[in-house]
Each structure stands twice: as structure tokens, then as C-alpha cells.
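Numbering (the UniProt record's numbering), first residue to last: 1 to 298.
Note sheet for the following structure.
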């Protein structure tokens, strides 16, 4: 998206016009109401029109056109200027970082909901480390999750998953992606309560499209030999979502991809970027922190 801002500025007559004309290109700094201690820099160019009112004073009319290609918007005075999602997530991260007090953030949600992708974006913004509980189990056992299910069974995997979450609960400043079924064990919630749990709520249809498009080989609860991957995935995911829906709702924060899409003016959640989801997660975490005892003042 590109927007153009044009504004007429009147320079003081004490500014020598030649010193301005000698620098036709440069950068213009806008102060932001939402960015109290930082400046936004945007490229600009201008034309000067000089008018002589007397032999001692000179007025300089400066016409500025500046553009900034990005996808989010901040307001400054009467103007709306597009601002990059990266700028937005950095600002939001700074706003709530001290209130997190180093607590870990646990992403929960159905398989294919984007917990790992969004988690990495968020960890980078916060300056946190990132961990995936499935990957920790794989490192511990020495084989993939799919192979663990095949060789040892689901119960064995769940025990290892719980142990991984126990170890993570002792850590600080981590963003953690959990397995889709981690919410089914009460003991796991005990460990996740040491931090903040965030449910990535993605519509069923979007999940089915994502998973069926890449295949189910790495999804032990979905893998089958049927050529009709979409139908089989739809049926199985519907069942899993029904079984786990209430458990996901136990999360302290919910991030609805449908609501994000609506804010962006689209009905297709596939148009929502991981960065936009991470920004929404930070906003919802902020709301949660405001409701917590001891955080109501900020």
C-alpha cells in the first residue's frame, strides 16, 4: 500500500534559501503520538518557490511529497501515514516488555495453526528465545514425532511432552510452541500457567487447506493412505477440534485469525500475515496484563 502526503510548510525568513536549495534530497522526521521517544524517517523531495516581499526579507514556500510503502497505519495530527508492521510490533513489544517480567509465552492451538511461525516472529520482536516442545521431544528420543507415535504410541509421546513442558516452565524469556494435543493433559496446564498461554484460533477450513496442501506424513493423528486427503483431513480435524475446543479456551489469551482478517478488510484468513497475528497476540497479551492484579495501572 502506498499513500502520499502533501503539505505546505512556511519557512522562517531567517533561513537562507540557498542553504535549502543546495540540498534538494534528504530525510524528513515526523514525531509520532504513538511513538513517544522514537522518530520515523521517510524519504522526500521538494520544490522551492521564492517570493520577495522586501529587500530584507524573503519567504520560502516549501511543497513536500513523501511516500512510505507499508501495510499498517498510524495517525499524526490530521494525516494518516502508513507504517510497516515491523515498526508496529517493535513499538508494541517495548510497551509491554517490562510488564511481562520475563514470563514465557506458550502458544497453543490446533496443528497447522501457525504456532511455530508466529512464535518465532514474536520471540524475535521481544528478544526472547524460541522453543518448540515437539522438537524437544524429538531431540530427547532421537526420532521424529511421527516415528515416536508409530514405535512407542501416543501415551509415550504425551509423557515426554509433559516432561519437556516441565523443563520449559523453569525457564524465563522463552516463546514456546506446543503440540496440538498438549492442552489435553491437566498437568501441562500447571506448567504453562507459569507463563502466559495464547490460543491461536484459526478457522477449521483454513487448517484443512493448509495441512492437506502439504500432506499429512508428519501428522501422526492425521496420516492415512487415502488419495482424498482433504476429506479425510476435514473429518479428523473436525473431531479433534470438537474434543479439544474447550481445552484451548482455557488459554489466558485468545487470538482469533477471523477477527484479524476482519480488521484488515478481508474474509480470507490466508491473507493474514504471521506478523499481523503476532501483533494481535501482543495486543491481547497487553489486555490480559492490564486485567491482572498489580498491572492495572499501566
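We put the CB at the ideal spot given by N, CA and C, even for glycine.
- Inclusion of residue 177 and residue 263 in the CB contact set at 8 Å is not warranted, their separation being larger than that value.
- Beta-bridge partners assigned by DSSP to residue 199: 108 and 254.
- Taking a cut-off of 8 Å for Cβ pairs, the region 82-93 and the region 265-276 touch, as three or more such pairs fall below it.
- Taking each of 147, 103, 190 and 175 in turn and checking the Cα distance to residue 129, the smallest one comes out for 175.
- Within the DSSP bridge table, the entry for residue 132 names 177 as partners.
- Taking the Cα of residue 107 as reference, the smallest distance to any Cα among 149, 186 and 181 is reached at 181.
- Take the alpha-carbon of residue 148 and the one of residue 240: they are about 20 Å apart.
- Nearest C-alpha to residue 120 among 164, 131 and 208: 131.
- DSSP, reduced to helix, strand and coil, places residue 148 within a helical segment of the structure shown.
- In the structure shown, residue 188 falls within a helical segment according to DSSP collapsed to helix, strand and coil.
- Sequence-distant partners of residue 118 (beyond 5 residues in either direction) whose C-beta falls short of 8 Å from its own C-beta, in its chain, are 107, 200, 274, 277, 278 and 281.
- Rounded to the nearest angstrom, the Cβ distance from residue 161 to residue 137 is 6 Å, consistent with a contact under 8 Å.
- Look at residue 272 here: in three-state DSSP terms it is coil, with no helix or strand label.
- Across the set 191, 248, 125 and 100, the C-alpha of 100 shows the shortest separation from the C-alpha of residue 289.
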